[in-house]
Amino acid sequence: MRKLVILGGGTAGTMMANKLAGALDLDEWRITIVDSSETHYYQPGFLFIPFGIYTLRDVRKPRRDFFPPGVEVVSSQIDHIEPDKNRVILAGNAVLPYDYLIIATGCKIRPDEVEGLVDEEWGKSKFEFYTPQGAETLRRFFKSWEGGRLVLHIAEMPIKCPVAPLEFLFLADSYFTEIGIRDKVDLHLVTPLPGAFTRPRAAAILGDFLEKKNIHLTTEFGIQRVDSEKKALVSWEEDEVPYDVLVSIPTNMGDECIKRSGMGNELNFVPTDKETLLSRDFDNIFVIGDATNLPSSKAGSVAHFQSDILLENFLDHTDGRPMRAKFDGHANCFIESGFGRGMLIDFNYDVEPLPGKFPFPGVGPFSLLEETKMNHYGKILFRWMYWHVLLKGAELPLEPQMSMAGKRP
Amino acid sequence: MPTTTLAGRTIELDADGHLANLADWNEEIARELAKEAGIEELTEDHWKVIRFMRRVYEEEGDAPSIRRLTKESGVDTKTLYKLFPKGPAKKAAKIAGLPKPKGCI
Ligand SMILES: Cc1cc2nc3c(=O)[nH]c(=O)nc-3n(C[C@H](O)[C@H](O)[C@H](O)COP(=O)(O)OP(=O)(O)OC[C@H]3O[C@@H](n4cnc5c(N)ncnc54)[C@H](O)[C@@H]3O)c2cc1C
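From first to last, the protein sequence lines stand for chains A and B.
Per the working numbering, the very first residue in the first sequence carries number 2; after that it's consecutive.
Per the working numbering, the very first residue in the second sequence carries number 374; after that it's consecutive.
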């Protein structure tokens, strides 16, 4: 029996388990998937929790419901990988040998990496919404907040879902308008980037949206520390941005098990070939999703496009054929823009997000880089698609490679 | 491709305004790029960072992040921001004749 071990049963790991269980001969292959938690969270839903649009119950399901039959599920903490010995060491020293390994351990926020962020004010005047608990704490706080200066800051790039901070502010604008206190709320985005987003053309358009919605923008702010007493962000150049309420997107890092394995870069992301998704250092290890160091967005849609590529390459590689599929960095993100509207961007390593129609040229139904009601429905539908189509590894009517059809360069 | 004149030569730039060809770079060009970025004089600490960036780029194909610069270049973050105000990783990459770091997506 050939042994395949998948580390992490989140978005990417679950998709790969389903795809490979369907494609491999299970008399020949033994597939094992390891995750330490029993609950699968729909992370894009965290964004909606602070504003009472989703509850925690709307975004979680038992992880096991999404694993296919015939795959062995191990519920355990991964301690480290020993890539030279082709084995994984679990908590309690259990040993899991493999012939092939897929790393899908994702990434998480690290508030402890931002000086002065975590202290007695954490959860009182300083918040985050990248974890279910953080999003829920913020919801409770907003229920009785009467207004003031709300600053959202991004500590350093890359972060998962680079549009989520913008969406948060658009939804805040909409939410505080609806509850009648928008005139008492000052919204502010503080970012280390030179603009509102990572890509210049989309940054210009999204920057205009911020202005239209009266959201202030401070760019190129490299955070040195948070001063809780003064209630201010302090940059390395000693510039200060005061806040009443801080919503932080702290440093995002790969899991500590990658560090313990000596396999990560300075942020514990695993060096990965940007086209084949094979580890740069080990010929029997693939890496997918947020765990990679690829210059593509860290998003569920990206993990989905990667999963199509990884499936093909896994089959080629384990059969001794050259790998033919190439990942092009394709990302597709709905951007919730408040008041029941949304935007959509579609791009890859080389092509900027462009305006146009998606996925059918001229028809849509979705509009790229434009605010429409249809795009909002797309985002809302995405949750259903996530649970029922994406995780199960079923086909979507979308090619993994980005298409120029329908786009206006 | 856009071009510019640096140290008396016509030099090709990429879409981000960085040098299009690694080989066009030399120390004189670095000094002129620094002036354009508002840095009047390149000190030994500036050079330390620039050389580190070029070495990482040549070995790995991407310029290092600020976090990596702090850990490995021998210059701490505070100093990095003094040497290259605003985005040090981005600014130092430009002066070092490298493309914009891909790390920030
Ligand atoms: C607020 C927010 C909004 C988002 N919005 C969007 C969106 O609109 N669209 C979009 O496409 N994406 C969005 N994303 C991003 C998306 O959720 C992630 O990119 C996606 O889930 C990545 O999948 P993954 O499998 O790489 O990581 P994950 O799904 O995070 O899975 C990693 C798994 O590995 C397990 N694991 C890690 N380390 C260990 C260990 N040592 N031992 C055992 N198990 C371990 C974890 O328990 C986890 O289950 C959003 C994310 C957030 C936080």
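C-beta atoms are modelled at their ideal positions from N, C-alpha and C, and glycine is treated no differently.
Check: Where does aspartate 228 of chain A sit, in a helix, a strand or coil, going by DSSP?
Finding: Aspartate 228 of chain A falls in the strand class under three-state DSSP.
Margin query: Give me the chain A residues within the contact set of glycine 460 of chain B, using Cβ-Cβ distance strictly less than 9 Å, ordered along the chain.
Written below: Pro193, Leu194, Pro195, Glu221 and Gly223
Item checked: Whole-angstrom distance between methionine 17 of chain A and aspartate 80 of chain A, CA atom to CA atom -> Going by the C-alpha atoms only, they are around 22 Å apart.
Checklist line | glycine 107 of chain A Cβ short of 7 Å to ligand 2 heavy atom set | finding: This structure lacks ligand 2; its bound ligands are ligand 1.
Checklist line | Heavy atom of ligand 1 within 7 Å of threonine 178 of chain A beta-carbon | finding: no
Check: In this structure, does DSSP put glycine 137 of chain A in helix, strand or coil?
Finding: Note that residue 137 of chain A is glutamate in the sequence shown here, rather than glycine. Residue state, collapsed to three classes: helix.
Checklist line | Buried versus exposed, by CB contacts within 10 Å (16 or more), lysine 231 of chain A | finding: exposed
Item checked: Cross-chain neighbours of tryptophan 237 of chain A in chain B, by beta carbon under 7 Å -> Thr450, Lys451 and Tyr454
Margin query: So for glutamate 241 of chain A, helix, strand or coil by DSSP?
Written below: strand
Check: Residues in its own chain within less than 8 Å of valine 390 of chain A by CB, not counting five upstream and five downstream?
Finding: Leu397
Next item on the list: Give the straight-line distance between the Cα atoms of alanine 204 of chain A and glycine 196 of chain A, rounded to the nearest whole angstrom.
Entry: 6 Å
Notebook entry, point to check: Beta-carbon of serine 446 of chain B versus every beta-carbon of chain A: anything under 8 Å?
Noted result: no
Next item on the list: Identify the contact partners of lysine 475 of chain B in chain A, using a Cβ-Cβ distance below 8 Å as the criterion.
Entry: Pro296
Notebook entry, point to check: From the beta carbon of arginine 428 of chain B, is the nearest beta carbon of chain A less than 8 Å away?
Noted result: no
Checklist line | Cβ-based neighbour list, isoleucine 478 of chain B, same chain, cut-off 6 Å, excluding 5 preceding and 5 following | finding: Note that isoleucine 478 of chain B scores a pLDDT of 43, beneath 50, so its modelled location is shaky and nothing firm can be said.
Item checked: Residue environment, glutamate 212 of chain A, which counts as buried when at least 16 other CB atoms sit within 10 Å -> exposed
Next item on the list: Check isoleucine 478 of chain B in the structure and name its three-state DSSP category.
Entry: For isoleucine 478 of chain B, the pLDDT reaches just 43, beneath the cut-off of 50, and the residue's location in the model is therefore unreliable, although a value from the coordinates is still provided. Coil.
Note to self: Under 8 Å, with one C-beta from each stretch per pair, do the region 410-423 of chain B and the region 137-144 of chain A reach the 3-pair mark?
What the structure shows: Contact fails: fewer than three Cβ-Cβ distances are below 8 Å.
Checklist line | Interface residues of chain B facing leucine 268 of chain A [CB-CB closer than 7 Å] | finding: Arg440
Item checked: ligand 1 heavy atom lying under 7 Å from the CB of proline 251 of chain A -> no
Next item on the list: Take glutamate 116 of chain A as the anchor and find which of A/Arg342, A/Val235 and A/Gly265 has the nearest alpha-carbon.
Entry: A/Val235
Note to self: I need the straight-line Cα distance from valine 6 of chain A to histidine 41 of chain A, nearest angstrom please.
What the structure shows: Distance from the CA atom of valine 6 of chain A to the CA atom of histidine 41 of chain A, rounded to whole angstroms, is 19 Å.
Check: Can the beta-carbon of aspartate 174 of chain A be found less than 8 Å from the beta-carbon of leucine 188 of chain A?
Finding: yes
Next item on the list: For serine 297 of chain A, collect the residues of the same chain with a Cβ closer than 7 Å to its Cβ; drop the 5 residues on either side in sequence, then sort them by chain order.
Entry: The residues are Val303, Gly330, Ala332 and Tyr350.
Notebook entry, point to check: What are the boundary residues of the beta strand (DSSP E) that includes threonine 378 of chain B?
Noted result: 376-379
Notebook entry, point to check: In the DSSP assignment, what residue or residues form a beta bridge with tryptophan 123 of chain A?
Noted result: A/Lys127
Check: Using CA coordinates, which residue listed in A/Asp240, A/Ala233 and A/Val227 is at the minimum distance from threonine 220 of chain A?
Finding: A/Asp240
Checklist line | Option in A/Ser262, A/Leu355 and A/Val288 with minimal Cα separation from proline 272 of chain A | finding: A/Val288
Margin query: Looking only at its chain, what residues have a beta carbon closer than 7 Å to the beta carbon of aspartate 449 of chain B, apart from the 5 residues adjacent to it on each side?
Written below: Result list for aspartate 449 of chain B: Thr443, in chain order.
Item checked: Three-state class that DSSP yields for valine 303 of chain A in the structure shown -> helix
Next item on the list: Would you mind stating whether isoleucine 32 of chain A and valine 96 of chain A have Cβ atoms separated by less than 8 Å?
Entry: no
Notebook entry, point to check: Relative to the C-alpha of methionine 344 of chain A, which residue among A/Phe328, A/Phe171 and A/Leu295 is closest?
Noted result: A/Phe171
Margin query: Against chain B, with Cβ distances strictly below 8 Å, would glutamate 157 of chain A count as a contact?
Written below: It does: the Cβ of glutamate 157 of chain A has a partner Cβ on chain B nearer than 8 Å.
Check: Distance, Cα to Cα, glycine 10 of chain A vs threonine 377 of chain B?
Finding: 51 Å
Check: Among the residues of its own chain, which have a CB less than 7 Å from the CB of lysine 374 of chain A, if the five just before and after it don't count?
Finding: Gly341 and Arg342
Margin query: Excluding the 5 residues flanking cysteine 1 of chain A on each side, which residues of the same chain have their C-beta closer than 6 Å to its C-beta?
Written below: Nothing can be reported for residue 1 of chain A: it is not among the residues displayed for chain A, which extend from 2 to 410.
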